[in-house]
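*Asks:* In my numbering, the protein residues as written are 95 to 443. The structure's right below; bear with me while I get my questions together.
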């Protein structure tokens, strides 16, 4: 991180991103946290890619999903084309991205082979105070003749308070991950639908308890834009996103949402170490092995984990053996299996 910061400072001159006209950049919401007296660390993450607009590639994905002989409505065809194209990208390594944060410009380290970039920028208290009041505080610096706009959001997490680590699929968005056909339909052919009552629940926690949100999901990064639109349009609190890397050339599209036990611990553990003075609330569902995932940090960091709340989508009930085994030796007041958001409304305060 220190080397990256030195690189950024030395490169802080009048430069522009070297993105070609057919290349795009997506910025994931950036997380800023205090790292010392009058010092904040701002983590910038994103990806540079080139969309593939060929009709043939779209047909290949349709065939891979088993939809080549399925008759789709006009609305379904349109939505399928929009979302499938998100996976038809060529990741661009070695790209230089220059960003403007407030009134200051920074040159980021070049993108890796998979197009990703991630680095840390240090800000002062005065800079953070100024940035808190800006709606679009981060944007890519492009050549004068390039009138495109690529922006990102900033989230500022203070030392104390509650952080809600929330899953997305089947926790706040209806996906039906346990049903492969339903998962594909809800991902590629249907508008994203919220789980009733979850947005109101999260907003009440944000307003009454000052909770801040990290959306940690095994969904692929290609779905970030529609997921961000889903969060915003359905009134969920803004937050930081952590999505897994996925390239359809390397994996089957049927594995889109699999493997949370491999991905989520690698996100949760660093967050808990970064925010040692904050309480964590985990909200997930029973569809996969997520209950088992959260028992480990609860045992390792008992002073930090305030609640583990699992939405029951498998209709097992709180007396199921899997929950008793997963949460054995943990206080009964620490975890709860729920079906309706109203059951857990008063548990975060």
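No residue lacks a Cβ here, since even glycine has one placed at the ideal position from N, Cα and C.
Per DSSP, what kind of secondary structure is residue 239 in: helix, strand or coil?
*Replies:* Taking the chain shown and counting its residues from 1, one reaches residue 239 at position 145. Coil at residue 239, not helix or strand.
*Asks:* According to the neighbour-count rule (16 or more other Cβ atoms, all chains shown, within 10 Å of its Cβ), is residue 413 buried or exposed?
*Replies:* In the chain shown, residue 413 corresponds to position 319, counting from 1. Label assigned to residue 413: exposed.
*Asks:* So is residue 389 buried or exposed if we call it buried at 16+ other beta carbons inside 10 Å?
*Replies:* Taking the first residue of the chain shown as 1, we reach residue 389 at position 295. Answer is buried; the Cβ neighbour count reaches 16.
*Asks:* So, helix, strand or coil for residue 364, using DSSP?
*Replies:* For this step, residue 364 is matched to residue 270 along the chain shown. Helix at residue 364.
*Asks:* In the DSSP assignment, find the alpha helix (DSSP H) that holds residue 191 and state where it starts and stops.
*Replies:* To locate residue 191, count along the chain shown from 1; it is residue 97. Note, residue 191: premise wrong, no alpha helix (DSSP H); not H, not E.
*Asks:* Would you give the residue range spanned by the beta strand (DSSP E) that residue 311 belongs to?
*Replies:* Here residue 311 is taken as the residue at index 217 of the chain shown, counted from 1. Per DSSP, residue 311 belongs to the beta strand (DSSP E) from 306-314.
*Asks:* To the nearest angstrom, how far is the alpha carbon of residue 258 from that of residue 395?
*Replies:* Numbered from its first residue, the chain shown carries residue 258 at position 164. Numbered from its first residue, the chain shown carries residue 395 at position 301. Those two C-alpha atoms are separated by around 15 Å.
*Asks:* Would you mind stating whether residue 126 and residue 135 have Cβ atoms separated by less than 8 Å?
*Replies:* The residue given as residue 126 occupies position 32 in the chain shown. The residue given as residue 135 occupies position 41 in the chain shown. Yes.
*Asks:* What do you get for residue 314, buried or exposed, if any count of 16 or more other CB atoms within 10 angstroms of its CB means buried?
*Replies:* Along the chain shown, one-based indexing puts residue 314 at 220. Result: buried.
*Asks:* Quick check: the Cα distance between residue 216 and residue 200, rounded to an integer number of angstroms?
*Replies:* Within the chain shown, numbered from 1, the residue matching residue 216 stands at position 122. Within the chain shown, numbered from 1, the residue matching residue 200 stands at position 106. Approximately 11 Å, taken between the alpha carbons.
*Asks:* Less than 6 Å between C-beta atoms, sequence neighbours within five positions excluded: which residues of the same chain meet that for residue 287?
*Replies:* In the chain shown, the residue the question calls residue 287 occupies position 193. These residues qualify, in order along the chain: 268.
*Asks:* What would DSSP say about residue 174, mapped onto helix, strand or coil?
*Replies:* If you number the chain shown from 1, residue 174 lands on position 80. Correct three-state label for residue 174: helix.
*Asks:* Could you tell me which of 320, 280, 153 and 263 sits nearest to residue 292, measuring between CA atoms?
*Replies:* Looking up residue 292 in the chain shown gives position 198. Of the listed residues, the one whose Cα sits closest to residue 292 is 263.
*Asks:* Does the Cβ-Cβ distance between residue 205 and residue 142 come in under 8 Å?
*Replies:* In the chain shown, residue 205 corresponds to position 111, counting from 1. In the chain shown, residue 142 corresponds to position 48, counting from 1. Cβ atoms of residue 205 and residue 142: closer than 8 Å.
*Asks:* For residue 118, which beta-bridge partners are listed by DSSP?
*Replies:* Mapped onto the chain shown, residue 118 falls at position 24. Paired residue(s): 143.
*Asks:* With DSSP as the reference, label residue 96 as helix, strand or coil.
*Replies:* The residue labelled residue 96 in the question sits at position 2 within the chain shown. Note that residue 96 scores 38 on pLDDT, short of 50, meaning its location in the model is unreliable; the coordinates nonetheless yield the value given after this. Helix.
*Asks:* DSSP on residue 103, reduced to helix/strand/coil?
*Replies:* In the chain shown, residue 103 corresponds to position 9, counting from 1. A caution first: residue 103 carries a pLDDT of 46, below 50, which makes its placement in the model unreliable, though a value can still be read off. Three-state result, residue 103: helix.
*Asks:* DSSP three-state call for residue 398: helix, strand or coil?
*Replies:* By one-based count along the chain shown, residue 398 stands at place 304. Reduced to three states, the DSSP call for residue 398 is coil.
*Asks:* Just mark residue 406 as buried or exposed, buried being the case when its beta carbon has 16 or more other beta carbons within 10 Å.
*Replies:* By one-based count along the chain shown, residue 406 stands at place 312. It counts as buried.
*Asks:* So who's on the other strand from residue 288, going by DSSP bridges?
*Replies:* As a first step, residue 288 must be located in the chain shown, where it is residue number 194. Answer by DSSP bridge pairing, in chain order: 267.
*Asks:* Helix, strand or coil for residue 432? Go by DSSP, reduced to three states.
*Replies:* Translated into the one-based positions of the chain shown, residue 432 becomes position 338. The answer is strand: DSSP assigns residue 432 an E or B state.
*Asks:* How many angstroms separate the CA atom of residue 114 from the CA atom of residue 172?
*Replies:* Walking along the chain shown from the start, residue 114 turns up at place 20. Walking along the chain shown from the start, residue 172 turns up at place 78. Cα to Cα, residue 114 sits roughly 27 Å from residue 172.
*Asks:* Determine the DSSP secondary structure at residue 224, reduced to helix, strand or coil.
*Replies:* As a position in the chain shown, residue 224 is number 130, starting the count at 1. Residue state, collapsed to three classes: helix.
*Asks:* Helix, strand or coil for residue 373, going by three-state DSSP, please let me know.
*Replies:* Counted from its first residue, the chain shown places residue 373 at position 279. Residue 373 falls in the strand class under three-state DSSP.
*Asks:* Do residue 361 and residue 336 have their C-beta atoms within less than 8 Å of each other?
*Replies:* Start at 1 with the first residue of the chain shown, and residue 361 comes out as number 267. Start at 1 with the first residue of the chain shown, and residue 336 comes out as number 242. Yes, they are a contact pair.
*Asks:* Where residue 116 and residue 410 are concerned, what is the direct C-alpha to C-alpha distance, given to the nearest angstrom?
*Replies:* Counted from its first residue, the chain shown places residue 116 at position 22. Counted from its first residue, the chain shown places residue 410 at position 316. Spanning the two alpha carbons is a distance of roughly 49 Å.
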